[in-house]
Amino acid sequence: MKKAEPVVIIIPSRLGSSRLPGKPLAKIGGVPMIVQVWRRAVESNAGRVIVACANTEIADVVQDVGGEAVLTSPDLPSGSDRVFQALEKIDPGGMFDKIVNLQGDLPNLQPKTISTVLAPLQDPEVDIATLAAKIQDQEERHDPNVVKVVAALGDKNATRIARALYFTRAVAPAGDGDLWHHIGVYAYRRAALVKFVGLRPSSLELREKLEQLRALEAGMRIDVARVSDVPLGVDTPADLAKVRHIFGADE
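To convert, count from 1 in the sequence shown and add 1101; that's our numbering.
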């Protein structure tokens, strides 16, 4: 009997970005961005790593460096759907019971962050886990592109994992105190992922344009673990220039 593998890290990736065409293949430190993200996942040593590719061009570069790639339908509506389809292909028997959905545009993610996002799943009541960091820049408090999670994470010496009560683009909660920048890395129990992708988009999800609200509206429990830093998400040419600077590379 084959030994169960409890954790799989799946990186959904596609070429359809309008703000940065060909984003996964953009060079950072001399290799495609998707390869840098794959490396961070492998370095975490948290589980098997799969890249769920909507395009053969992405699969080719991943396989060229020895990575494992799975082709998924290019017509899937979201990264979560791509993760689920890849999971069904590689694991129809249901051996993996924890699935990390790692965005393919976080090349400077700290590998230990993947272990951190898995930590809330030690509580059997938690369906989905995610991450947040304290907002340090006052401009981010009012930036609708910075998603905030409302959770009682406390101060530096207090709670490091808390239940997510809401996600919003608004300034929330009101009053004095810290605000928390949501980081879109998720860990699902398998049953929770199956349930989530089977749900219809919800009213608050459509209003805020935040997929995770679908889970909250359906009564699913999301816990959030705090981390120190927000990895740079690469969405624009300016972001790409910033991350290349971080890597000390022209490309």
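Backbone N, C-alpha and C fix where the C-beta goes; we use that ideal spot for every residue, glycine too.
Same chain only: Cβ atoms within 7 Å of residue i, ignoring 5 sequence neighbours per side
i, result
"residue 1103", "Here residue 1103 scores only 48 on pLDDT, less than 50, and its place in the model should not be relied on; the value that follows carries that caveat. The answer is none, since no qualifying residue turns up."
"residue 1326", "1217, 1218, 1220, 1221, 1230, 1232, 1261 and 1262"
"residue 1245", "1270"
"residue 1343", "1333"
"residue 1139", "1112, 1150, 1152, 1163 and 1168"
Distance, residue j Cα to residue i Cα
i, j, result
"residue 1133", "residue 1276", "43 Å"
"residue 1294", "residue 1340", "30 Å"
"residue 1313", "residue 1165", "34 Å"
"residue 1160", "residue 1172", "7 Å"
"residue 1186", "residue 1135", "19 Å"
"residue 1255", "residue 1305", "26 Å"
"residue 1150", "residue 1239", "36 Å"
"residue 1116", "residue 1286", "20 Å"
"residue 1107", "residue 1198", "5 Å"
"residue 1311", "residue 1179", "11 Å"
"residue 1157", "residue 1144", "24 Å"
"residue 1225", "residue 1350", "43 Å"
"residue 1264", "residue 1284", "15 Å"
"residue 1146", "residue 1345", "25 Å"
"residue 1201", "residue 1214", "11 Å"
Beta-ladder partner(s) of residue i, from DSSP
i, result
"residue 1347", "In the DSSP output, where bridge partners are listed per residue, residue 1347 has none listed."
"residue 1324", "1230 and 1264"
"residue 1159", "Answer is none; residue 1159 lacks a bridge partner."
"residue 1269", "1249"
"residue 1128", "1133"
"residue 1113", "1153"
"residue 1172", "1154"
"residue 1108", "1199"
Cβ distance (whole Å) where residue i is taken to contact residue j below 8 Å
i, j, result
"residue 1114", "residue 1155", "7 Å"
"residue 1137", "residue 1130", "7 Å"
"residue 1121", "residue 1338", "6 Å"
Sequence-distant residues of the same chain with beta carbon closer than 8 Å to residue i, five excluded per side
i, result
"residue 1316", "1228, 1229, 1293, 1297, 1300 and 1323"
"residue 1192", "1109"
"residue 1236", "1242, 1247, 1249, 1279, 1280, 1281 and 1282"
"residue 1330", "1211 and 1234"
"residue 1177", "1155, 1183 and 1186"
Beta-carbon proximity list for residue i, same chain, < 6 Å, skipping 5 on both sides
i, result
"residue 1124", "1118"
"residue 1353", "Past the edges of the chain, shown from 1102 to 1352, lies residue 1353, and the structure says nothing about it."
"residue 1127", "1134 and 1341"
"residue 1190", "1171"
Going along the chain, which unbroken runs of the alpha helix (DSSP H) with 4 or more residues stay wholly within the stretch 1180-1260?
1180-1191, 1213-1219 and 1239-1242
What residue ranges within the stretch 1269-1323 form continuous alpha helix (DSSP H) runs of no fewer than 4 residues, ordered along the chain?
1291-1298, 1304-1309 and 1313-1318
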